[in-house]
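Accompanying notes for the structure given below.
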Amino acid sequence: MKIYRLELESFERWEESIQKQIKEIITINFPQRAIEEEYYQNKSKEMRQYLAENRAVIFLAEEDNELAGWIWGYEKKQFDIRRLHIAFFSVVSKKRRNGIGKALLNLADQYAKSMGLDGMELLVTNSNYKAVEFYRHAGFEEERLLLAKRF
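Quick note on my numbering: the sequence shown kicks off at -3 and runs consecutively.
Encoded structure:
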């Protein structure tokens, strides 16, 4: 297993695998939503742009030349607080419960500290119980609630 920071030059190699993981994440978190393929392509473009502008970091776990997991974050400032916002974080389903997620999250944590940020933040749907429990175990706490009214 290799875990490393993904640079822009290597992004294309992993882009298709990352898109598949984004699709899996979205499907788990929003099972009732119809998401067009364009969404996933746009996320790839956005990631590439953030990397090109040095506004984001991606850490990638690779095993047997295949994607095992990855985490994408960028600095987000709200009022006087600067945090690493974790936009996407995923471990390939068959690779879960092997410490990959913890290792990726620890790298993101170290990166945020090295950048002088105040912490990390992320969004997760309350129906994704396994992820919520994983994040709580890693020290994340609920800070706000997103309330939605559906019609």
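Every residue gets a Cβ at the ideal spot worked out from N, C-alpha and C, and that includes glycine.
For serine 86, the enclosing beta strand (DSSP E) covers residues 77 to 87. Excluding residues up to 5 positions away in sequence, Gln15, Ile18 and Lys19 lie with their Cβ nearer than 6 Å to the Cβ of tyrosine 36 in the same chain. Where methionine 116 is concerned, the enclosing beta strand (DSSP E) starts and stops at 115 to 118.
The beta carbon of tyrosine 46 is closer than 7 Å to those of Ala52 and Tyr70 in its chain, skipping five residues each way along the sequence.
Within its own chain, the residues whose Cβ lies closer than 7 Å to the Cβ of glycine 65, once the five positions on either side in sequence are excluded, are Ala57, Ser86, Val87, Val88, Lys91, Ile96, Gly97 and Leu100, listed in chain order.
For leucine 47, the enclosing alpha helix (DSSP H) has its first and last residue at 33 to 48.
In this structure, glycine 115 lies away from alanine 104, with their beta-carbon atoms at least 8 Å apart. For the 8 Å CB-CB criterion, asparagine 124 and isoleucine 24 form a contact. Bounds of the alpha helix (DSSP H) holding lysine 126 are 125 to 133. Taking the Cα positions, alanine 48 is about 29 Å away from phenylalanine 136. Here the alpha carbon of serine 40 sits roughly 31 Å from the alpha carbon of phenylalanine 147.
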